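Have a look at the structure below, then the notes.
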Amino acid sequence: MILHFCTASDWADAQRAGEYTADSLRTEGFIHCSTAAQVHIPATMLAKGRTDLVLLEIDESRLPEPPRWEPGEGTDLTFPHVYGPIPIHAVLAVHPYPPEPDGSFAPPTGLG
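Okay, so the sequence shown: first residue is 1122 according to this note's numbering, each after it adds one.
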């Protein structure tokens, strides 16, 4: 299981379209994903203080092709990158992802 954070409105758009895409798919060629232990890192870096985020819980086995584990920018961690749209049926659950009081994000509990 891998995770991707996005806005609730982007998820609603994806449900209507039948698949989820992100701007990074167009600009970088892939959708950034994370494990439960690391999703707070890019969420804090890219979306600090946002209150409209959700976490998509994605079953890797339901993707058209497996994610590629590649180095993240500015870290020695590897992250799962999905090279194509994410079919709605690959998303097993959607969880609210509120920030901490200081605007940062914590690792989600009870996932992965």
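For each residue, glycine too, the CB sits at the ideal point set by N, CA and C. Note that the coordinates shown come from a computational prediction; the quantities given were computed from them, not determined experimentally.
Can you give the Cα-Cα distance for glycine 1139 and alanine 1133, rounded to whole angstroms?
-> Walking along the sequence shown from the start, residue 1139 turns up at place 18. Walking along the sequence shown from the start, residue 1133 turns up at place 12. C-alpha separation (whole angstroms): 10 Å.
Apart from the five residues on each side of it in sequence, which residues of its chain come closer than 6 Å, Cβ to Cβ, to leucine 1213?
-> Mapped onto the sequence shown, residue 1213 falls at position 92. Around leucine 1213: Glu1178, Asp1180.
Identify the continuous alpha helix (DSSP H) that holds leucine 1146 and give its terminal residues.
-> Residue 1146 sits at position 25 when you count from the first residue of the sequence shown. Per DSSP, leucine 1146 belongs to the alpha helix (DSSP H) from 1144-1148.
Output the boundary residues of the beta strand (DSSP E) element that contains alanine 1214.
-> As a first step, residue 1214 must be located in the sequence shown, where it is residue number 93. The continuous beta strand (DSSP E) containing alanine 1214 extends over residues 1212-1217.
DSSP bridge partner residues for isoleucine 1152 (one or two, in chain order) | Here the question's residue 1152 lines up with position 31 in the sequence shown. Val1203, per the DSSP bridge assignment.
Outcome for serine 1130 when other beta-carbon atoms lying within 10 angstroms are tallied against a minimum of 16 | To locate residue 1130, count along the sequence shown from 1; it is residue 9. With fewer than 16 Cβ atoms within 10 Å of its Cβ, serine 1130 is classed as exposed.
Can you tell me which of Phe1200, Asp1223, Glu1191, Thr1128 puts its alpha carbon nearest to the alpha carbon of aspartate 1103?
-> Only positions 1122 to 1233 of the chain appear in this structure, which leaves residue 1103 out of reach.
6 Å Cβ shell around leucine 1232 - same chain, five flanking residues per side excluded = As a position in the sequence shown, residue 1232 is number 111, starting the count at 1. Cβ neighbours of leucine 1232 beyond the five flanking positions: Ala1157.
Secondary structure at threonine 1128, three-state DSSP: helix, strand or coil?
-> As a working note, residue 1128 is residue 7 in the sequence shown. If DSSP states are grouped into helix, strand and coil, threonine 1128 belongs with the strands.
With DSSP collapsed to three states, give me the class of glutamate 1178.
-> Along the sequence shown, one-based indexing puts residue 1178 at 57. The answer is strand: DSSP assigns glutamate 1178 an E or B state.
Decide if leucine 1167 is buried, meaning its Cβ has at least 16 other Cβ atoms within 10 Å, or exposed.
-> Walking along the sequence shown from the start, residue 1167 turns up at place 46. The residue is exposed, with fewer than 16 neighbouring Cβ atoms inside 10 Å.
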